[in-house]
Amino acid sequence: LQGTNQGANAGRVAFFWQNPSPIFPGATSTTDLDDTLNAWYHIVAVWEDTDGDTGDNGVRSIYINGVLEGTESTAQPRNDVGGNTAIGRAGSFDNQNFNFDGQIDDVAFFNYPLNSEEARWLRNNSLNSIPEPASFGLLALGGLLLGGRRAWRGIAEA
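The numbering used here applies: residue 1 is where the sequence shown begins, and numbers increase by one.
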C-alpha cells in the first residue's frame, strides 16, 4: 500500500507488488486523497486469490472509508511471496514519488480476503472495539474471583 505522487494518479493510494519484470501491477484508488490537515481516511487493501494455488491470479481491491474505490484483476507472477512488506512506500523500488505523505496507524493483516461489508464494518468500528485476549482473560478472572469471594463469604457465615 503506497501513495502515488506523479502523473494522473498523483494524490491517490495504490496497492502494488513487484513482479519479476519489474512491473508494478496494482489497483489504484479512484478518489483523490486531498491534503486537508487533520483529515482521517480508513483504507483497506484486499488481495483475493482466484486460482487457489500460487496466488498469481486474483483481484486487488482498495476501499476508502468503507467504499470500494479501485479494483484490478491480474495474472501477474509475483516474486514478493515470503519477502519484505512495505507499507506507505514502494518496497525495494527506491523512488520518493511512491511514498505515502501522511501518518499510518492501526495496520492489521487478515488471513482471508475481506468483503465490502467487512471493510465497512472496520471503518465504522475501529480495531479497538475488538477485545484483546488479555483484556477478556482479566475480565473472566475478575468474575471468577468475585464469585469465589461470595461463595467463601456464604460458607463463613453459615
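Quick reminder that beta carbons are idealized off the backbone N, C-alpha and C, glycines included. These numbers were taken from a predicted model, which means no experiment stands behind them.
It is roughly 9 Å from the alpha-carbon of residue 46 to the alpha-carbon of residue 15. Around the C-beta of residue 58, 16 or more other C-beta atoms lie within 10 Å, and the residue is accordingly described as buried. The beta carbon of residue 120 lies closer than 7 Å to those of 66 in the same chain, with the five residues before and after it left out. For residue 63, the number of other beta carbons within 10 angstroms of its own is at least 16, and it is reported as buried. Taken through DSSP and simplified to helix, strand or coil, residue 68 comes out as strand.
Cβ contact annotation for residue 88 (same chain, cutoff 6 Å, sequence separation greater than five): 100 and 104, in chain order. Ranking 113, 122 and 123 by CA distance to the CA of residue 52 puts 113 first.
Taking a contact as a CB-CB distance under 8 Å, the pair residue 60 and residue 69 does not count as one, their CB atoms being some 12 Å apart. Taking every protein chain shown into account, the CB of residue 44 has 16 or more other CB atoms within 10 angstroms, so this residue is buried.
Scanning 111, 13, 74 and 39 for the CA closest to the CA of residue 50 turns up 74. Across the structure, residue 86 and residue 40 are spaced so that their CA atoms are roughly 21 Å apart.
In the structure shown, the three-state DSSP call for residue 121 is helix. Cβ contact annotation for residue 124 (same chain, cutoff 8 Å, sequence separation greater than five): 66, in chain order. Membership of residue 43 in the beta strand (DSSP E) is indicated by the continuous run 43-49.
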